[in-house]
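Below is one structure, written out as structure tokens; comments come after it.
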Amino acid sequence: MARSKGDNTPPPAPEPLRVTVADSHTHLDMQDATPEEILARAASVGVTTVVQVGCDILGSRWAAEIAAKYDNVHATVSLHPNEAPRIVLGDPDGWSGQKRGPGGMAALDAAVAEIDALAALPQVRGVGETGLDYFRTGPEGVEIQQESFRRHIALAKKHGKALVIHDRDAHADVLRILTEEGAPERTVFHCYSGDEEMAKVCAEAGYYLSFAGPVTFPANHHLRAALAVTPMDRILVETDAPFLTPAPFRGRPNAPYLIPVTLRAMAQVRGVEEDELAAAVAANTARAFDY
2 MARSKGDNTP
12 PPAPEPLRVT
22 VADSHTHLDM
32 QDATPEEILA
42 RAASVGVTTV
52 VQVGCDILGS
62 RWAAEIAAKY
72 DNVHATVSLH
82 PNEAPRIVLG
92 DPDGWSGQKR
102 GPGGMAALDA
112 AVAEIDALAA
122 LPQVRGVGET
132 GLDYFRTGPE
142 GVEIQQESFR
152 RHIALAKKHG
162 KALVIHDRDA
172 HADVLRILTE
182 EGAPERTVFH
192 CYSGDEEMAK
202 VCAEAGYYLS
212 FAGPVTFPAN
222 HHLRAALAVT
232 PMDRILVETD
242 APFLTPAPFR
252 GRPNAPYLIP
262 VTLRAMAQVR
272 GVEEDELAAA
282 VAANTARAFD
292 Y
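Following my numbering, the numbering of the sequence shown begins with 2 at its first residue and continues without gaps.
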């Protein structure tokens, strides 16, 4: 996910929340500040916990390390849907910038084995972001993504960890594979991008839906409709920082301290006080990631 080019000035800090919440999905390693600075700024506005997401082997190792260092950071580990084809087919533009393969399926086996080992660590609370991303991949990449997704589902169930799903232009296949494999007890759709009808399907299945900056974009009526029908005990909020900065700051750098902007917009959609939504989101995130 690329950030729009434009103003790189960090947005101003919003008014602090009265009820503290968690950022359920962020990338501290991709932001232009130290983890200490990011966490301190977030805490100053009531965002006291973050879930740091790993997208490849190096990023997953780092996520586990930073979560071991800070009590208010929890890790997830994975091969991003776009990372799996890079490992198997070879691509110099991976998440970490390292040149890969082509390593074939044996390389995927080895990478998944390392994610398996990291997922066993107590500070690792989830497996993901995994799933499917059909935005750029071709037919060969689709097959590899689906195989990697199935393996990550199995790891989440093996270790009793949350499954964190990345779903881009692949709604039907994501839901189908979850049904075929049997979803873990705790399944989170990161940066939910479906519509109202899909939200109802997810609610029936007991999945958590995490909403990010796009729910604030004026054109995204379908996301607000989805949020409106999601049960209160299944709603999460995230930044996906440094990406997906909420309106009116779209295109500028995102960070966990901007969670209040998105949460307040979500409370308006739900027709509830921000404190009520914040309390629900805080409880939901702790339950989803078992901390």
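Beta carbons are placed, not taken as given, at the ideal position from N, Cα and C, and that holds for glycine.
Alpha carbon of Ala-111 to alpha carbon of Leu-80, nearest angstrom: The residue given as residue 111 occupies position 110 in the sequence shown. The residue given as residue 80 occupies position 79 in the sequence shown. Their Cα atoms are separated by approximately 12 Å.
Rounded C-alpha distance that separates Met-31 from Cys-56: Along the sequence shown, read from residue 1 onward, the residue named residue 31 stands at position 30. Along the sequence shown, read from residue 1 onward, the residue named residue 56 stands at position 55. Met-31 and Cys-56: Cα-Cα distance of roughly 11 Å.
Euclidean distance between Cα positions of Tyr-292 and Pro-36: Translated into positions along the sequence shown, residue 292 becomes position 291. Translated into positions along the sequence shown, residue 36 becomes position 35. Taking the straight line joining both Cα atoms gives about 20 Å.
Residue closest to Val-51, alpha-carbon to alpha-carbon, out of Gln-147, Leu-179, Val-125, Asp-170: If you number the sequence shown from 1, residue 51 lands on position 50. The option with the nearest alpha carbon to Val-51 is Val-125.
Spatially closest choice to Arg-62 from Tyr-71, Thr-77, Pro-215, by CA coordinates: Numbered from its first residue, the sequence shown carries residue 62 at position 61. Minimum Cα distance to Arg-62 is reached at Thr-77.
Residues bridged to Asp-134 [DSSP beta-bridge criterion]: Numbered from 1 along the sequence shown, position 133 holds the residue referred to as residue 134. Under DSSP, Asp-134 forms a beta bridge with Arg-169.
Residue interval of the beta strand (DSSP E) (run including Ser-61): The count along the sequence shown starts at 1 and reaches residue 61 at position 60. Here Ser-61 belongs to no beta strand (DSSP E); instead the alpha helix (DSSP H) covers 58-70.
Range of the contiguous beta strand (DSSP E) that encloses Thr-286: Stepping through the sequence shown from its first residue, residue 286 is reached at position 285. Premise fails: Thr-286 lies in the alpha helix (DSSP H), 275-290, not in any beta strand (DSSP E).
Beta carbon of His-191 nearer than 8 Å to that of Ile-166: As a first step, residue 191 must be located in the sequence shown, where it is residue number 190. As a first step, residue 166 must be located in the sequence shown, where it is residue number 165. Closer than 8 Å, so yes.
Secondary structure of Gln-146, DSSP reduced to three states: Along the sequence shown, read from residue 1 onward, the residue named residue 146 stands at position 145. Residue state for Gln-146 is assigned as helix, using DSSP reduced to three classes.
Distance between Pro-261 and Glu-277 (C-alpha atoms, nearest Å): As a working note, residue 277 is residue 276 in the sequence shown. As a working note, residue 261 is residue 260 in the sequence shown. So the two alpha carbons sit approximately 13 Å from each other.
6 Å Cβ shell around Thr-180 - same chain, five flanking residues per side excluded: Along the sequence shown, read from residue 1 onward, the residue named residue 180 stands at position 179. Same-chain partners within the cutoff: there are none.
Burial state of Phe-212 (16 or more Cβ within 10 Å): In the sequence shown, counting from the first residue as 1, residue 212 sits at position 211. The residue is buried, with at least 16 neighbouring Cβ atoms inside 10 Å.
Three-way DSSP call (helix, strand, coil) for Gln-124 in this model: Locating residue 124 in the sequence shown gives position 123, where the first residue counts as 1. If DSSP states are grouped into helix, strand and coil, Gln-124 belongs with coil.
Three-way DSSP call (helix, strand, coil) for Thr-180 in this model: If you number the sequence shown from 1, residue 180 lands on position 179. The answer is helix: DSSP assigns Thr-180 an H, G or I state.
Stretch pair the stretch 12-24 + the stretch 240-258: three plus CB contacts closer than 8 Å: Touching, yes.
Bounding residues of the beta strand (DSSP E) (the contiguous stretch that carries Ala-213): Translated into the one-based positions of the sequence shown, residue 213 becomes position 212. No beta strand (DSSP E) holds Ala-213; DSSP gives it neither H nor E.
Proximity of Arg-169 and Ser-149 at Cβ, strictly below 8 Å: Position 168 of the sequence shown, counted from the start, is the residue given in the question as residue 169. Position 148 of the sequence shown, counted from the start, is the residue given in the question as residue 149. Taking 8 Å as the cut-off, the Cβ atoms of Arg-169 and Ser-149 do not count as close.
Pick from Met-233, Ala-266, Val-113 that is closest to Ile-58, judged by C-alpha positions: Position 57 of the sequence shown, counted from the start, is the residue given in the question as residue 58. Checking every option, the nearest Cα to that of Ile-58 belongs to Val-113.
Unbroken alpha helix (DSSP H) run spanning His-222, endpoints: In the sequence shown, counting from the first residue as 1, residue 222 sits at position 221. Start and end: 222-230.
Cβ pair count under 8 Å reaching 3, the stretch 222-230 against the stretch 10-22: Contact between the stretch 222-230 and the stretch 10-22 is absent, because fewer than three Cβ pairs lie under 8 Å.
Span separating the alpha-carbon of Pro-140 from that of Glu-84: Translated into the one-based positions of the sequence shown, residue 140 becomes position 139. Translated into the one-based positions of the sequence shown, residue 84 becomes position 83. Going from the Cα of Pro-140 to the Cα of Glu-84 covers about 15 Å.
Closest by C-alpha distance to Leu-259, when choosing among Thr-10, Asn-9, Ala-14, Asp-8: On the sequence shown, position 258 is the one that residue 259 refers to. Comparing Cα-Cα distances from Leu-259 to each of Thr-10, Asn-9, Ala-14, Asp-8, the minimum goes to Ala-14.
Separation of Asp-117 from His-75, as counted between CA atoms: The residue labelled residue 75 in the question sits at position 74 within the sequence shown. The residue labelled residue 117 in the question sits at position 116 within the sequence shown. Distance from the CA atom of His-75 to the CA atom of Asp-117, rounded to whole angstroms, is 17 Å.
Nonlocal neighbours in the same chain, by C-beta distance under 6 Å from Ala-171, ignoring five residues either side: As a working mapping, residue 171 is identified with position 170 in the sequence shown. Within its own chain, the residues whose Cβ lies closer than 6 Å to the Cβ of Ala-171, once the five positions on either side in sequence are excluded, are Leu-133, Tyr-135, listed in chain order.
DSSP state of Ala-23 mapped onto helix, strand, coil: In the sequence shown, counting from the first residue as 1, residue 23 sits at position 22. In the three-state reduction of the DSSP assignment, Ala-23 falls in the strand class.
Three-state secondary structure (DSSP) of Gln-32: By 1-based counting over the sequence shown, the position of residue 32 is 31. Three-state result, Gln-32: coil.
Nearest neighbour of Thr-217, chosen from Ala-266, Lys-159, Asp-72 [CA to CA]: As a first step, residue 217 must be located in the sequence shown, where it is residue number 216. The candidate whose alpha carbon is nearest that of Thr-217 is Ala-266.
Near the ligand GTP: Leu-228 beta-carbon under 7 Å from a heavy atom: Judged by which ligands are present, the structure shown has none, so any question about the ligand GTP falls away.
Under the three-state DSSP convention, the category Gly-91 falls into: The count along the sequence shown starts at 1 and reaches residue 91 at position 90. Annotated three-state conformation of Gly-91 is coil, per DSSP.
Identified DSSP bridge partners for Gln-53: Within the sequence shown, the letter at position 52 stands for residue 53. Bridge pairing for Gln-53: Thr-27, Ala-76 [DSSP].
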